[in-house]
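Here is the structure we will look at, set down as structure tokens.
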Amino acid sequence: MLRRGAAEAEIAKLVKESGADTVVWNRRYGPARKIDERIKTRLKQEGVAVKSYAGALLAEPFEMTTASGEGYKVFTPFWKALQAGYQAGDPHPEPRKLKCARGLASDDIDDWMLHPKAPDWSGGLTQAWTPGESGARKQLRDFLDGPIDGYASGRDLPDRDGTSRLSPHLHFGEISPAQVWRAARHAEDAGGAPGRDISKFLSELAWRDFSAHLLFHDPEMGRLSWRRKFDDVEWRKSARSELDAWRRGKTGYPIVDAGMRQLWTTGWMHNRVRMIVGSFLTKDLLVHWREGEAWFWDTLVDADEANNANGWQWVAGSGADAAPYFRVFNPVLQGEKFDPEGDYVRHWVPELSHLSAKHIHHPWTADEDALAEAGVTLGDTYPRPIVDHAAARKRALDAYAAGAKSPSLERRAS
Ligand SMILES: Cc1cc2nc3c(=O)[nH]c(=O)nc-3n(C[C@H](O)[C@H](O)[C@H](O)COP(=O)(O)OP(=O)(O)OC[C@H]3O[C@@H](n4cnc5c(N)ncnc54)[C@H](O)[C@@H]3O)c2cc1C
2 MLRRGAAEAE IAKLVKESGA DTVVWNRRYG PARKIDERIK TRLKQEGVAV
52 KSYAGALLAE PFEMTTASGE GYKVFTPFWK ALQAGYQAGD PHPEPRKLKC
102 ARGLASDDID DWMLHPKAPD WSGGLTQAWT PGESGARKQL RDFLDGPIDG
152 YASGRDLPDR DGTSRLSPHL HFGEISPAQV WRAARHAEDA GGAPGRDISK
202 FLSELAWRDF SAHLLFHDPE MGRLSWRRKF DDVEWRKSAR SELDAWRRGK
252 TGYPIVDAGM RQLWTTGWMH NRVRMIVGSF LTKDLLVHWR EGEAWFWDTL
302 VDADEANNAN GWQWVAGSGA DAAPYFRVFN PVLQGEKFDP EGDYVRHWVP
352 ELSHLSAKHI HHPWTADEDA LAEAGVTLGD TYPRPIVDHA AARKRALDAY
402 AAGAKSPSLE RRAS
């Protein structure tokens, strides 16, 4: 652990050694803001100029305020205000020449041995992603040439490539939301994509800004429930084996298991399925959303402080403009609705791949002949459900209702 101030001093020293007279970055909006402020102060003391920009978002959280001068707590008015005031300006031209910094002593990245070896579990990630700016641009082009057409309805279906998969590229700044906005509007103007689909896509992009906006106004949002009273729900702390089954995709609910395995293999999960697995953890298993947030943080390639916390709190019902806590997703009905043929499940849960669409989302209702024909032995080749959904739903609603009544609990925002 570095002593307070030591990191800033080390950074300032490296900047001086490099010969740079200016340091430029995009702003961060969570607790890291304080770190950036300290670095800025130190660099300025050393005579180095610092310029920070809003390249990571469409709009600065501190510039977006309601009529009463506060931050937004509801997405729809936020989105309306953003659309009304936002124009994606032209990007600055690339610099023709870069004065290179003087060579600095540096470790060889291979010496850090970051790449897993025993075993190498990274194959699925390598296959799924092309990190970097050109990979991001290609991803955007391919999306606007194809899946954008029908995005408004197709974005909810995990069995197809109906979304942009830009989230990790956006997170790492390989492409900016302004570039995405401009390209999408361009595709619409050129008649390449229906306005309805473009609008829906841009509103999803705006959820990213909304999450950052919420984090800016409540930097504790990654740790504490936005509506604080939800931290006092009697979450089950002794559900370790169920939590483990959820992480490994072995809950016995096929759509949940498919999502958790897609996450483990590729570092990404479809948004609809994130909601289903999130509801399953926080409602069916009654485990605190923080456990899910932490697992996603460790496994997602797009893991993002603001979006992850906001996504989890939306599902749990504890967040700003969240789903009401009494909305409990039924994992069977969700599977049947959004993966009607069962193709998504068949892909990620191959031990069920020979089951018919009729049974694939609830194999425990198939008769012995159907199971035998599909090569499935419940409790052996595939688990039986680890909870009964109807009973778990009731348990969750009782616990949430009791937590919501607790008089000692303070509402952060009403
Ligand atoms: C429990 C839970 C956890 C989540 N954790 C993260 C996370 O750590 N990082 C992350 O980027 N997203 C997170 N999301 C939001 C969403 O699932 C992903 O942004 C989306 O699935 C990324 O896929 P895509 O790029 O194909 O999205 P598209 O549908 O193509 O959307 C375009 C872009 O808009 C943004 N976006 C879309 N939906 C949302 C949303 N609901 N909230 C915020 N931004 C959105 C993303 O930047 C995305 O790349 C989470 C959602 C849930 C329910």
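Residues 2 to 415 (my numbering) are what the sequence shown spells out, left to right.
Note that CB positions come from ideal geometry on N, CA and C, so glycine has one too.
Span of the beta strand (DSSP E) around residue i
i, result
"residue 54", "50-54"
Backbone secondary structure at residue i - three-state DSSP
i, result
"residue 247", "helix"
"residue 254", "coil"
"residue 409", "Because the pLDDT at residue 409 is just 43, under 50, the model does not fix this residue reliably, and the value given afterwards should be weighed accordingly. Here residue 409 sits in coil by DSSP."
"residue 1", "No information on residue 1 is available, as it lies outside the stretch 2 to 415 that the chain covers here."
"residue 383", "strand"
"residue 41", "helix"
"residue 300", "helix"
"residue 211", "helix"
"residue 237", "coil"
"residue 201", "helix"
"residue 327", "coil"
"residue 348", "helix"
"residue 46", "helix"
"residue 396", "helix"
"residue 218", "helix"
"residue 339", "helix"
"residue 158", "coil"
Cutoff 6 Å; reference residue i; Cβ partners in own chain excluding five residues on either side
i, result
"residue 337", "362"
"residue 53", "26, 28"
"residue 248", "296"
"residue 473", "Any answer about residue 473 is impossible in this case: the structure gives the chain only from 2 up to 415."
"residue 347", "354"
"residue 103", "19, 20"
"residue 84", "none"
"residue 114", "none"
"residue 270", "260, 263, 264"
8 Å Cβ shell around residue i - same chain, five flanking residues per side excluded
i, result
"residue 133", "175"
"residue 146", "193"
"residue 105", "15, 18, 19"
"residue 116", "123"
"residue 411", "Below a pLDDT of 50, predicted positions are generally treated as unreliable, and residue 411, at 41, falls in that range; the measurement from the model is reported next regardless. 229, 230."
"residue 90", "179"
"residue 12", "40, 43, 44"
Bridge partners - residue i, DSSP secondary structure assignment
i, result
"residue 26", "53"
Residue from the options with nearest C-alpha to residue i
i, options, result
"residue 99", "333, 383, 23", "23"
"residue 217", "234, 66, 41, 339", "66"
"residue 334", "391, 15, 211, 199", "391"
"residue 51", "39, 61, 330", "39"
"residue 262", "345, 317, 215, 186", "345"
"residue 126", "268, 227, 7", "268"
"residue 275", "180, 316, 352", "316"
"residue 266", "302, 137, 81", "302"
"residue 342", "34, 43, 350, 359", "359"
"residue 350", "168, 154, 160", "160"
"residue 285", "314, 331, 322", "331"
"residue 79", "153, 171, 136, 206", "206"
"residue 73", "112, 251, 320, 383", "320"
"residue 33", "169, 170, 197, 223", "223"
"residue 256", "281, 75, 244, 232", "281"
"residue 46", "9, 36, 55, 81", "9"
"residue 68", "271, 121, 60, 82", "82"
"residue 185", "283, 148, 169, 154", "148"
"residue 240", "137, 393, 406", "393"
"residue 250", "152, 352, 311, 43", "352"
"residue 340", "375, 259, 403, 210", "259"
"residue 183", "172, 153, 199, 169", "199"
Element boundaries [alpha helix (DSSP H), containing residue i]
i, result
"residue 169", "168-172"
"residue 114", "Careful: residue 114 lies outside any alpha helix (DSSP H) and carries neither H nor E."
"residue 176", "Here residue 176 belongs to no alpha helix (DSSP H), and DSSP marks it neither H nor E."
"residue 139", "134-146"
"residue 374", "369-375"
"residue 58", "Unbroken run through residue 58: none, as it is neither H nor E."
"residue 314", "306-317"
"residue 124", "124-129"
"residue 84", "76-86"
"residue 273", "272-280"
"residue 153", "152-155"
"residue 225", "Here residue 225 belongs to no alpha helix (DSSP H), and DSSP marks it neither H nor E."
"residue 16", "7-19"
Close beta carbons around residue i, own chain, < 7 Å, minus the five adjacent residues each side
i, result
"residue 236", "287, 288, 289"
"residue 213", "30, 58, 62, 307"
"residue 225", "232"
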